[in-house]
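Chemist: This is the structure I want to talk about, given as structure tokens.
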């Protein structure tokens, strides 16, 4: 259960339990459950203001009248007035009282149980005094004040909490609506959920795109800030077959989009689901706080009984005063801040991270990030832009046309970024590849294919040597020189002979050096893990100031490297490709995937940089530090509040200083503590906004 978002995740055996039975069980506890569909998040129904407002006004009147009457500043009211006010306030808050009593009956008391006990005990005492022909106004202001202040405080707290979660609700809502889809040669309007993959959707300026897909007609500027955090719209055209994502906004232009993913399979649905799931992870210190809360309510109930007996017997107070002390102890104790101190901070941080281009999949990521001491970077697409381009092809044997045609055909099926660069190079030269008769991919090494009956190898030196192809000294010399300049060089062998070298360059990200420096300044060791040659890897490492280099690694080698570093006692944060480096991401203490948004659904890792910028990794680290600061502040406040005010409510200052904390004021203090915790967490939204502008 996430107290911050109001979401609960229930695991059950469908052979013995039905969803209907679960709903009834939750309803029997006094709650109104609603099923939340995967990838969706319905906005909570707004509670009407009139109930809490009327409760507060009636409670305030009762407390003010009692205070003025004590100083003989108020005229006497008819005897039934205060009992009637207290009764009305109890009826207005009957749900709260009923839930509290049910929890108590289940031997699992909550804050509502303490408030209910305090209010009903004071109400019963007032009735006893009234029936005994005493003046009843000395007790009926207690239930009116306690429930009135608690009701108003809960309403304010709920509004503040919903404000914190507004972005998540708006994110979920932005994937719903009607779309225009082309069917049977005409445009029809349907719900977004009814669109099928392969259908073409029409989008006009000012409308949200409600499917993942590819632009097949038109052009337009699309606001992708939902995923990237970048406010500048991005040009999308049909000529480039650009991909678009659900939940993004077409600022200007006109698009026709062929849907590739719809409904709960869209990238936005996966983002919403990931943010929801992140709420259920609890940091270590929150688990400790939860255990304390489990004992706190029973301890307070027992303490209130002891306080009553002490003041009623040896303490020298009247039975009415003893009852007030006991009720005050119940009313002032506030387990809620302990329960929501960290979950609310994590919920807000998760949402803030999403706005800054970081999709957090586990709520404990913020705690784990601050525990790392080593950052391992992949190269292609992480430290570099991931858009390599063929700079040149060095011919060593055979005709250029013959070698290039075999090269392009061998890379025809490959999805590797280097293969895409080769295909673009061939396309620019109007070379038409042919479908290879046989194709085999060797992760981290290259490909082997049969083209027109000829064996073709395209890949690293290790691949070529493994197949027995001889590498001329001239090829080794050229490859070494290009690698020293930071290029990636791979070999092309046609018919068992090394026929060409392909020189590829991928520009470093502008922010790469600053990000590496950021972690080094904080005492973290930085490491480069790449499939490139050692010469090329060392060149990039020297340029960026990276501490360690591991080169010529296959994807499984990177996973073994992470395991080895962690066996040495290091806590590793691995940053890399969410698909190709999935094994390393899974082994790391924290795995962070680089993602451009389109592949969020299949990215591995504890977090995904949806902005596709390394600056978001710095945002995640700084946000994690802020989460720890705010969480510890909230827990410190919650503990300090209870340790300070519970003794005062029990009468610790009454005999020496004449100070009595009445139950109604104790309840007001309790709700003020609750609101303080929520308000402190909300300051993260303001802080993050300034950071976003600075970025």
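Numbering (the UniProt record's numbering), first residue to last: 1 to 695.
Every residue gets a Cβ at the ideal spot worked out from N, C-alpha and C, and that includes glycine.
Pick helix, strand or coil for residue 594, following the three-state DSSP scheme.
Modeler: Of the three classes helix, strand and coil, the one that applies to residue 594 here is strand, per DSSP.
Chemist: I need the DSSP call for residue 124, collapsed to helix, strand or coil.
Modeler: Of the three classes helix, strand and coil, the one that applies to residue 124 here is helix, per DSSP.
Chemist: CB-CB under 8 Å to residue 563, same chain, minus the five flanking residues each way: which ones, in chain order?
Modeler: Closer than 8 Å at Cβ, skipping near neighbours: 587.
Chemist: Give the DSSP bridge partners of residue 488, in chain order.
Modeler: For residue 488, which the question treats as bridged, DSSP gives the partners 504.
Chemist: In whole angstroms, what separates the C-alpha of residue 447 from that of residue 605?
Modeler: Rounded to the nearest angstrom, the two C-alpha atoms are 27 Å apart.
Chemist: Given residue 58, which residues of its chain have a CB within under 7 Å of its CB, disregarding the five upstream and five downstream residues?
Modeler: Answer for residue 58: 85, 88, 89, 144, 148, listed in chain order.
Chemist: Under three-state DSSP, which class holds residue 68?
Modeler: Residue 68 falls in the helix class under three-state DSSP.
Chemist: Which parts of the segment 355–429 are runs of the alpha helix (DSSP H), unbroken and 4 residues or longer, counting only runs that do not cross its ends?
Modeler: Taking only runs of at least 4 residues, the alpha helix (DSSP H) segments lying wholly in the segment 355–429 are 365–369, 400–410, 417–428.
Chemist: Give, in chain order, every unbroken run of the alpha helix (DSSP H) that is at least 4 residues long and sits entirely within the segment 128–212.
Modeler: Here the runs fully enclosed are 137–173.
Chemist: Would you kindly report the start and end of the unbroken beta strand (DSSP E) that includes residue 531?
Modeler: Looking at the DSSP string, residue 531 is not in any beta strand (DSSP E), and its letter there is neither H nor E.
Chemist: Tell me the DSSP bridge mates of residue 576?
Modeler: Per DSSP, 593.
Chemist: Note down, in chain order, each residue of its chain lying with its Cβ closer than 7 Å to the Cβ of residue 535, except the 5 sequence neighbours on either side.
Modeler: Hits under 7 Å: 480, 483, 484.
Chemist: For residue 241, I'd like the list of residues in its chain whose CB is within less than 7 Å of its CB, leaving aside the five on either flank, ordered along the chain.
Modeler: 214, 215.
Chemist: Please report the straight-line C-alpha distance between residue 444 and residue 507, rounded to a whole angstrom.
Modeler: Near 20 Å, if we compare the C-alpha coordinates of residue 507 and residue 444.
Chemist: Buried or exposed for residue 39, please, with buried defined as at least 16 other CB atoms from any protein chain shown within 10 angstroms of its CB.
Modeler: Summary for residue 39: the model assigns pLDDT 46, below 50, so the residue's position carries little reliability, and this model does not support an answer.
Chemist: In the DSSP assignment, find the alpha helix (DSSP H) that holds residue 467 and state where it starts and stops.
Modeler: Counting along the chain, residue 467 falls outside any alpha helix (DSSP H), and DSSP gives it neither H nor E.
Chemist: Assuming residue 571 contacts residue 382 under a Cβ cut-off of 8 Å, what Cβ separation, rounded to an integer in Å, is found between them?
Modeler: With a Cβ gap of about 19 Å, residue 571 and residue 382 do not count as contacting.
Chemist: Taking buried to mean at least 16 other C-beta atoms within 10 Å of its own C-beta, is residue 473 buried or exposed?
Modeler: That one is exposed.
Chemist: Is it buried or exposed for residue 351, if we count other Cβ within 10 angstroms and need 16 for buried?
Modeler: With 16 or more other Cβ atoms within 10 Å, it is buried.
Chemist: Please specify which runs of the beta strand (DSSP E), each continuous and at least 3 residues long, are wholly inside the segment 601–687, giving them in chain order.
Modeler: The segment 601–687 contains these whole beta strand (DSSP E) runs: 607–609.
Chemist: Less than 6 Å between C-beta atoms, sequence neighbours within five positions excluded: which residues of the same chain meet that for residue 598?
Modeler: Legend: pLDDT at residue 598 = 41, less than 50; position of this residue unreliable, value from coordinates given subsequently. So the list reads 243, once near-sequence residues are dropped.
Chemist: By DSSP, does residue 455 sit in helix, in strand, or in coil?
Modeler: Three-state DSSP puts residue 455 in a strand.
Chemist: Could you say which of 672, 206, 583 lies nearest to residue 645 if we only look at CA atoms?
Modeler: When only C-alpha atoms are compared, the closest one is 672.
Chemist: Are the beta-carbon atoms belonging to residue 540 and residue 526 less than 7 Å from one another?
Modeler: No, the Cβ-Cβ distance between residue 540 and residue 526 is not below 7 Å.
Chemist: From the DSSP output, which residues share a beta bridge with residue 259?
Modeler: 213, per the DSSP bridge assignment.
Chemist: Checking 7 Å against the spacing of the C-beta atoms, do residue 501 and residue 358 come in under that value?
Modeler: No, Cβ-Cβ distance for residue 501 and residue 358 is not below 7 Å.
Chemist: Here's the rule: buried if 16 or more other CB atoms are within 10 angstroms of the residue's CB, otherwise exposed. What is residue 406?
Modeler: So residue 406 counts as buried.
Chemist: Leaving out five residues before and five after residue 109 in sequence, what residues of the same chain have Cβ atoms less than 6 Å from its Cβ?
Modeler: So the list reads 103, 297, once near-sequence residues are dropped.
Chemist: If you follow the beta strand (DSSP E) that residue 440 is in, where does it begin and where does it stop?
Modeler: Start and end: 438–442.
Chemist: Secondary structure at residue 221, three-state DSSP: helix, strand or coil?
Modeler: Strand, per DSSP.
Chemist: How big is the Cα-Cα spacing for residue 408 and residue 440?
Modeler: Going by the C-alpha atoms only, they are around 15 Å apart.
Chemist: Below 6 Å CB to CB, which residues in the same chain sit around residue 667 once its five sequence neighbours on both sides are set aside?
Modeler: Here the set comprises 146, 149, 150, 331.
Chemist: So what does DSSP say about residue 697, is it helix, strand or coil?
Modeler: Because the chain in this structure spans residues 1 to 695, residue 697 falls outside the shown range and cannot be described.
Chemist: For residue 221, which residues from the same chain have a beta carbon less than 8 Å from its beta carbon, with the 5 sequence-adjacent residues on both sides left out?
Modeler: Within the same chain, residue 221 has close Cβ partners 233, 234, 235, 236, 250, 251, 252, 253.
Chemist: Beta carbon of residue 498, beta carbon of residue 466: below 7 Å?
Modeler: It is not a contact, given that the beta carbons lie outside the stated cut-off.
Chemist: Name the DSSP bridge partner or partners of residue 234?
Modeler: Partner(s): 222.
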